[in-house]
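Q: Letter by letter, the sequence shown follows residues -26 to -1, 1 to 461 of mature numbering (1 follows the signal peptide of the UniProt record, and there is no 0). The following block contains the structure, expressed as structure tokens.
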Amino acid sequence: MAFSPRSPLALAAAVSVLAAAASVHAQEVAVSTLAPPDLFSNPAADTGLPGDLWKDASPGLMRETLPKLAAKPLSPAFADFARRVLATGARAPAGVGDDPEMGGTRALALIALGEAAGAKRVMDRTPGLDQNAALAMAAAEANLIAGDDDRACAVADALSADRGTGYWLRLRAFCQARAGQTAEAQLTFNLAQQQGKDADYARLMPALLSGAAPTGGANLRTGINYALSKKLGLDIQAASATATPATRPLLAPPAADLAAAQGSDWAFLKGAKPGADFAAAARAAAPLIAALVAADAPITDLGLFLRAALTAGDVKTAQAIRGKMTGDAIPGVGNQDLALFDAALAAASGGSTDQALDRLVELGANGGAKSPAQPAAVVLQALGGALSPEDRATFAGFEAGKSTASAARLALLDTAAAAGRKGEAAVLALSVAADAGTAGPSAADRARIVAALNRAGLAADARALAVEGLLPAPPAPPAAKPTPKKK
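Written out as structure tokens, the structure reads:
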């Protein structure tokens, strides 16, 4: 084949063009490779929720709600729901997933909800900890609670931004002291005290610096205080009253085996306060109660054990306990309590709620506006239970408590559910719950949330939130005996 004299020039030109194109392509690849990672894609746990959880969610609503979850305690069921949502590895909307502040907020919320171990897994795979204080704080706290003080101190040492705030000064003083740098630690401690005082830190840190015994016991309010308490050899279990949801998992279960639980007459379960304390005790007791029921052993307090099994989410054990509730009189459990337990069981099992709903409507009609059956019926019906024409007329007059949530927020919740925006529906529901506090939303607001989440495709979460709202109130503790007057 003959070549034109100009062929070498043409070939060179072609090579030049191809090289330029390749260079441009390489730059594009480099740019895409260097794009900020999505900080919500790393899972803290396998939750079963989809990878498109945050599809079409409002970034503004996420920015508003996630800091609430890090700062405001929730009821036990809503806390479980928040953990499940935030632990899911799912790409967040633009402006959220690529924002280090939001990545840090997500991790801090997980820690506040008792998922420090999951937050640590996320932070261990997150780049840029040395460049952002929010990410670094989440990593440091997660590692302190996990007992990895070396890693927490390494995070503090590497941080190059906003190092002068109180948190970092307190942590650096601790790290310097444990490294034997006593003079430097004393200076850093003095600077930390000028930034604002934590009374427990101010009590514990001087003891570490001087080697003297601290006044008072251990403290579990923060990861730093826990690390200090552990370093000083203080009794962590004796500090349970200072534990927060973040540090409560550090406490050992109150009964290590069935014999010990029976020997104490289940005192740790009977004495637990309603809410988060009872939920924690119920989870600790769940395998023991299941073993007791499986052995068909006698149970002296059926109502307590049924409440605990339902709170812990053990539907099979709860159904077995309910099967033991026979006869005309069950100690501590009245007809209304039975109806509420049956409603909670129907919700938890995922089966038909029609029969339980019919019974609640009957009791609510007979008991009047102050009957607990009325708000319970409203919550249970939110799962879609069918009512007869007569019952619908009765149900329409039921009281479910006053709604305290924003009407606009509830309207958005309904819209998100109808559109299938799971993440946005979850965020709106959690925003309402955070504002309601540890008691949870009113029955009216809870029913609205349950219906919306059920419609959005979050049926398991909707049922769990319904169960919490359906369980009968625990019996009041016996009145204290009056102290005899001195003669």
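Cβ atoms here follow ideal geometry from the backbone N, Cα and C, with glycine treated the same way. Treat the numbers as computed from the prediction; the structure is a model and nothing was measured.
Going by C-alpha to C-alpha distance, which of A382, V424 and P446 sits closest to V353?
A: The sequence position of residue 353 within the sequence shown is 379, counting from 1. Out of A382, V424 and P446, V424 has the C-alpha closest to the C-alpha of V353.
Q: Measure from the alpha carbon of A430 to the alpha carbon of each residue in L386, A408, L182 and L103, then state which is nearest.
A: Position 456 of the sequence shown, counted from the start, is the residue given in the question as residue 430. The residue with the shortest Cα to Cα distance from A430 is L386.
Q: Need the endpoints of the alpha helix (DSSP H) that F242 sits in, please.
A: Mapped onto the sequence shown, residue 242 falls at position 268. Per DSSP, F242 belongs to the alpha helix (DSSP H) from A241 to K244.
Q: Could you give the distance in angstroms between the alpha-carbon of T39 and the alpha-carbon of A271?
A: As a first step, residue 39 is located in the sequence shown; it is residue number 65 there, counting from the start. As a first step, residue 271 is located in the sequence shown; it is residue number 297 there, counting from the start. The alpha-carbon atoms of T39 and A271 are separated by roughly 46 Å.
Q: Can you tell me the Cβ-Cβ gap for L182 and L202, rounded? I've got them flagged as a contact below 8 Å.
A: Taking the first residue of the sequence shown as 1, we reach residue 182 at position 208. Taking the first residue of the sequence shown as 1, we reach residue 202 at position 228. That belief holds up - the Cβ atoms of L182 and L202 are roughly 6 Å apart, short of 8 Å.
Q: Give the range of the alpha helix (DSSP H) segment to which F372 is assigned.
A: Here residue 372 is taken as the residue at index 398 of the sequence shown, counted from 1. Run containing F372: none; DSSP gives neither H nor E here.
Q: Using the beta-carbon count (16 or more within 10 Å), is Q211 buried or exposed?
A: By one-based count along the sequence shown, residue 211 stands at place 237. With fewer than 16 Cβ atoms within 10 Å of its Cβ, Q211 is classed as exposed.
Q: Measuring CA to CA, which of L384, L87, A374 and G358 is closest to A217?
A: Counted from its first residue, the sequence shown places residue 217 at position 243. Checked all of L384, L87, A374 and G358; the closest Cα to A217 is L87.
Q: Out of L266, A254 and N309, state which residue places its alpha-carbon closest to the alpha-carbon of D231.
A: In the sequence shown, the residue the question calls residue 231 occupies position 257. It is L266 whose Cα lies nearest to the Cα of D231.
Q: For S101, which residues from the same chain have a beta carbon less than 8 Å from its beta carbon, with the 5 sequence-adjacent residues on both sides left out?
A: One-based indexing of the sequence shown puts residue 101 at position 127. Looking at the sequence shown, residue 101 is not Ser but Pro. Only P11 meet the Cβ criterion.
Q: CA-CA distance, A110 and A235?
A: Along the sequence shown, one-based indexing puts residue 110 at 136. Along the sequence shown, one-based indexing puts residue 235 at 261. Roughly 41 Å separates the two Cα atoms.
Q: Could you check whether D435 and R58 sit closer than 8 Å to each other, using their CB atoms as the reference points?
A: Locating residue 58 in the sequence shown gives position 84, counting from the first residue. Locating residue 435 in the sequence shown gives position 461, counting from the first residue. Taking 8 Å as the Cβ cut-off, R58 and D435 qualify as a contacting pair.
Q: Can you tell me whether DSSP reads I198 as helix, strand or coil?
A: Residue numbering aside, residue 198 sits at position 224 when the sequence shown is read from its first letter. Correct three-state label for I198: helix.
Q: Which value, in whole angstroms, describes the spacing of the CA atoms of A130 and K46?
A: For the purposes of this step, residue 130 is taken as the residue at position 156 of the sequence shown. For the purposes of this step, residue 46 is taken as the residue at position 72 of the sequence shown. A130 and K46: Cα-Cα distance of roughly 26 Å.
Q: Which value, in whole angstroms, describes the spacing of the CA atoms of P50 and T156?
A: As a working mapping, residue 50 is identified with position 76 in the sequence shown. As a working mapping, residue 156 is identified with position 182 in the sequence shown. One C-alpha to the other measures close to 42 Å.
Q: Determine the burial state of L445: buried for a count of at least 16 other Cβ atoms within 10 Å of its Cβ, exposed for fewer.
A: One-based indexing of the sequence shown puts residue 445 at position 471. That one is buried.
Q: Taking the straight line between their C-alpha atoms, what separation do you get for A112 and A81?
A: As a position in the sequence shown, residue 112 is number 138, starting the count at 1. As a position in the sequence shown, residue 81 is number 107, starting the count at 1. Taking the straight line joining both Cα atoms gives about 6 Å.
Q: Please state if the CB of G443 and the CB of M411 are separated by a distance shorter than 8 Å.
A: Position 437 of the sequence shown, counting from 1, holds the residue named residue 411. Position 469 of the sequence shown, counting from 1, holds the residue named residue 443. Here residue 411 turns out to be Gly, not Met, going by the sequence shown. For G411 and G443, no; Cβs fall outside 8 Å.
Q: Could you check what DSSP says for I119 in three-state terms: helix, strand or coil?
A: For the purposes of this step, residue 119 is identified with residue 145 of the sequence shown, where counting begins at 1. DSSP places I119 in helix when its eight states are reduced to three.
Q: What is the DSSP secondary structure of V70, counted as helix, strand or coil?
A: Residue numbering aside, residue 70 sits at position 96 when the sequence shown is read from its first letter. DSSP places V70 in coil when its eight states are reduced to three.
Q: I'd like the span of the alpha helix (DSSP H) that includes G277, first residue to last.
A: Numbered from 1 along the sequence shown, position 303 holds the residue referred to as residue 277. First-last of the alpha helix (DSSP H) with G277: L276 to T285.
Q: Based on Cα-Cα distance, which residue from F372, D328, T291 and A321 lies nearest to P346?
A: As a working note, residue 346 is residue 372 in the sequence shown. Taking only the C-alpha atoms, the option nearest P346 is F372.
Q: For L224, collect the residues of the same chain with a Cβ closer than 8 Å to its Cβ; drop the 5 residues on either side in sequence, then sort them by chain order.
A: Here the question's residue 224 lines up with position 250 in the sequence shown. Only I119, L194, Y200, I210 and A217 meet the Cβ criterion.
Q: Please report the residue range of the alpha helix (DSSP H) in which E158 lies.
A: Along the sequence shown, one-based indexing puts residue 158 at 184. Looking at the DSSP string, the run of the alpha helix (DSSP H) that includes E158 is T156 to Q168.
Q: Can you tell me whether V5 is buried or exposed, with buried defined as 16 or more other CB within 10 angstroms of its CB?
A: Taking the sequence shown and counting its residues from 1, the one referred to as residue 5 is at position 31. In this predicted model, V5 has a pLDDT of only 41, less than 50, meaning its place in the structure is not dependable; the value taken from the coordinates is given anyway. The residue in question, V5, is exposed, as its Cβ has fewer than 16 Cβ neighbours within 10 Å.
Q: Tell me, which residues are paired with V307 by DSSP?
A: Counted from its first residue, the sequence shown places residue 307 at position 333. DSSP lists I304 as partners of V307.
Q: Which stretch, first to last residue, makes up the alpha helix (DSSP H) that contains S405?
A: Stepping through the sequence shown from its first residue, residue 405 is reached at position 431. Note, S405: alpha helix (DSSP H), K396 to A410.
Q: Does the segment 273 to 286 come close enough to the segment 299 to 314 that 3 or more CB-CB pairs lie under 8 Å?
A: Contact between the segment 299 to 314 and the segment 273 to 286 is present, because at least three Cβ pairs lie under 8 Å.
Q: Since A173 contacts L133 with CB under 8 Å, what's their CB separation in whole angstroms?
A: Translated into positions along the sequence shown, residue 173 becomes position 199. Translated into positions along the sequence shown, residue 133 becomes position 159. Going by Cβ atoms, the distance from A173 to L133 rounds to 26 Å, so no, they are not a contact pair.
Q: Which residue wins for smallest C-alpha separation from A399, given the options P448, A433 and A187?
A: Walking along the sequence shown from the start, residue 399 turns up at place 425. Residue A433 is the option with its Cα nearest to A399.
Q: For I85 versus A116, is the C-beta distance shorter than 8 Å?
A: Looking up residue 85 in the sequence shown gives position 111. Looking up residue 116 in the sequence shown gives position 142. Against a cut-off of 8 Å, the Cβ pair of A116 and I85 comes out as a contact.
Q: My output table needs one value for K46: the three-state DSSP class, helix, strand or coil.
A: Position 72 of the sequence shown holds residue 46. Three-state result, K46: coil.
Q: Applying the criterion that 16 or more other CB atoms from any shown protein chain within 10 Å of the CB defines a buried residue, is N164 buried or exposed?
A: Taking the first residue of the sequence shown as 1, we reach residue 164 at position 190. With fewer than 16 Cβ atoms within 10 Å of its Cβ, N164 is classed as exposed.
Q: Distance, Cα to Cα, A408 vs D332?
A: By 1-based counting over the sequence shown, the position of residue 408 is 434. By 1-based counting over the sequence shown, the position of residue 332 is 358. Near 32 Å, if we compare the C-alpha coordinates of D332 and A408.
Q: Could you name the residues of the same chain whose beta carbon sits closer than 6 Å to that of D30, not counting the 5 residues immediately before and after it, in chain order?
A: Counted from its first residue, the sequence shown places residue 30 at position 56. So the qualifying residues of the chain are R395.
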